[in-house]
Amino acid sequence: MSTLPRPADVIAHRPPFLFVDEVTALDPGRSASGTWRLTGEEWFFGGHFPGRPTLPGVLMCEAIAQVGAIAVLTDDRFAGKLPLFGGLDGARFRRQVGPGDELTLEVELGRMSARAGKGSGRALLRGEVACQCDLLFVVVDPA
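Numbering (my numbering) for the sequence shown: 47 to 189.
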C-alpha cells in the first residue's frame with residue numbers, strides 16, 4: 047500500500063484556511079476521506095459564538111470540499127489544476143461541532159468532465175452525520 051499524501055502536498059490551501067489535517071483513505075478521481083481536529087485555537091471560535099464556540103456550518107462544507115479537491119487532484123487528469131467551488135446543494139447541518147472535536151470527512155466523486163464535476167460528502171462527529179452536502183466544482187489552471 048502506498049503512503050497517503052499530506053493535504054498541503056496536494057491542495058493549494060494553507061493555514062488558517064486548510065481544514066484537513068490528515069488524509070485517511072484515497073481512491074484518486076473517485077473518493078477520499080480525511081480528518082480535521084479542532085483545537086479551540088482556530089480563528090473563528092472567538093466570535094462564533096462567545097460563550098458557546100461553534101464551528102460555522104459553511105466551514106464544514108469547505109472542509110468537505112477540500113477533501114473532494116484531494117480526490118480530484120490526485121487523479122492524473124487533474125494534477126496541477128485548481129478546483130474551485132461551482133455550487134453547493136442540499137447542505138444540512140445536523141450536529142454542533144466545537145473545540146476538541148474531531149471530524150471525519152468523506153467525499154465520493156460523481157460525474158466529472160475535463161473542466162467540471164460533482165460529488166457528495168459528509169462530515170461525521172463521533173460516527174454521526176454533522177453535515178452533508180452535494181458539491182459542484184470547476185477545474186481551472188492555476189494563475
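All C-beta atoms, glycine included, are put in the ideal place defined by N, C-alpha and C.
- Residue environment for Arg123: exposed (fewer than 16 other C-beta atoms within 10 angstroms of its C-beta).
- According to the DSSP secondary-structure assignment, Trp89 is paired through a beta bridge with no residue.
- Within the model, the alpha-carbon separation for Leu170 versus Arg140 is close to 10 Å.
- Rounded to whole angstroms, the Cβ separation of Leu149 and Trp82 is 5 Å, and the two are in contact under 8 Å.
- Judged by their CB atoms, Val113 and Val153 are nearer to each other than the 9 Å cut-off.
- Around the CB of Ala115, 16 or more other CB atoms lie within 10 Å, so the residue is classed as buried.
- Scanning its chain for C-beta atoms nearer than 6 Å, with the 5 sequence neighbours on each side dropped, one finds around Pro129 the residues Ala115, Val118, Phe183 and Val185, in chain order.
- Gly97 and Leu84 have their C-alpha atoms some 17 Å from each other.
- Nearest to Met158 by C-alpha distance, out of Gly136, Gly126, Asp121 and Pro145, is Asp121.
- At the C-beta level, Cys177 and Gly80 stay beyond 9 Å of one another.
- For Gly103, the enclosing alpha helix (DSSP H) has its first and last residue at Gly103 to Leu119.
- Counting along the chain, Leu50 sits inside no beta strand (DSSP E), nor does DSSP assign it H or E at all.
- With a 10 Å radius around the Cβ and a threshold of 16 neighbouring Cβ atoms, Pro53 comes out buried.
- If you draw a 10 Å sphere on the C-beta of Arg168, you find 16 or more other C-beta atoms in it, and that means buried.
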